[in-house]
Amino acid sequence: MGVNLKEIDGIKIQLKHLASCHCGFVKFELDLPDGLIDLRRCDCSLCRRRGAIAASVSLDGINVLEGQEHLKLYQFNTNTAKHYFCGNCGIYTHHQRRSNPTQYGFNVVCLEGVNPLKVGGVPTYNGGNHPADRG
Ligand SMILES: [Zn+2]
Numbered sequence: 001m002g003v004n005l006k007e008i009d010g011i012k013i014q015l016k017h018l019a020s021c022h023c024g025f026v027k028f029e030l031d032l033p034d035g036l037i038d039l040r041r042c043d044c045s046l047c048r049r050r051g052a053i054a055a056s057v058s059l060d061g062i063n064v065l066e067g068q069e070h071l072k073l074y075q076f077n078t079n080t081a082k083h084y085f086c087g088n089c090g091i092y093t094h095h096q097r098r099s100n101p102t103q104y105g106f107n108v109v110c111l112e113g114v115n116p117l118k119v120g121g122v123p124t125y126n127g128g129n130h131p132a133d134r135g
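Listed below in structure tokens is the structure:
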């Protein structure tokens, strides 16, 4: 339901694109052979507070190059999703999804050299009304 992008503002998304947290302790590389997939915002209780724009990558599509020891895990509610963030600067880097545990979502604004905040029309996923919370 999100949007797919191969470039942002004329800057191509690389096949292996570098990303980092704010303080630079955590550096990671994303396998993005098809660019940014399923770019979306989310209005669940966590995402609406952190305000991130997320895209999808397969579980083997994230390679933490530096700072694995600084990554902290945050879980809430059903404790299914795994939300990782830098323990020093607090920036969300990626999470293993509850809606699709075979994927990570990652924080698109961590990507080096591009400004995803310039992308208009990013749809908002109704995470506040998650299928796993119904019934
Ligand atoms: Zn950091």
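The sequence shown: position 134 = 134 (the UniProt record's numbering), numbered continuously.
Idealized CB from N, CA, C, for every residue including glycine.
Predicted model only: the values in this text are computed from it and were never measured.
C-alpha gap between residue i and residue j, whole angstroms
| i | j | result |
| --- | --- | --- |
| Lys6 | Lys27 | 22 Å |
| Thr80 | Gly35 | 27 Å |
| Glu69 | Cys89 | 13 Å |
| Gln103 | Val57 | 6 Å |
| Thr78 | Leu18 | 31 Å |
| Arg49 | Gly128 | 12 Å |
| Asp31 | Cys44 | 26 Å |
| Gly2 | Cys21 | 23 Å |
| Val114 | Ile13 | 8 Å |
| Cys47 | Arg97 | 12 Å |
| Arg40 | His95 | 14 Å |
| Gly135 | Ser99 | Note that Gly135 has pLDDT 43, beneath the 50 cutoff, so the model's placement of it is unreliable and no number is given. |
| Gly120 | Ile8 | 10 Å |
| Val64 | Gly24 | 12 Å |
| Gly10 | Leu117 | 14 Å |
| His83 | Lys72 | 8 Å |
| Asn4 | Lys16 | 16 Å |
| Ala52 | Val122 | 11 Å |
| Thr93 | Phe85 | 5 Å |
Cross-strand partners of residue i (DSSP beta bridge)
| i | result |
| --- | --- |
| His17 | Leu30 |
| Lys12 | Glu7 |
Practice task
Output the residue ranges of the beta strand (DSSP E) runs that lie fully inside the UniProt domain "CENP-V/GFA" (17-133) and measure 3 residues or longer, sorted by chain position.
Solution key: With a minimum length of 3 residues, the continuous beta strand (DSSP E) runs that stay inside the UniProt domain "CENP-V/GFA" (17-133) are 27-31, 36-42, 54-58, 62-66, 71-74, 82-86, 92-96, 103-107.
Exercise for the section: Mind listing which residues have their beta carbon within less than 6 Å of any non-hydrogen atom of ligand 1? Chain order is fine. Expected result: Those satisfying the condition are, in chain order, Cys21, His22, Cys23, Phe25, Val26, Cys86, Asn88, Cys89, Ile91.
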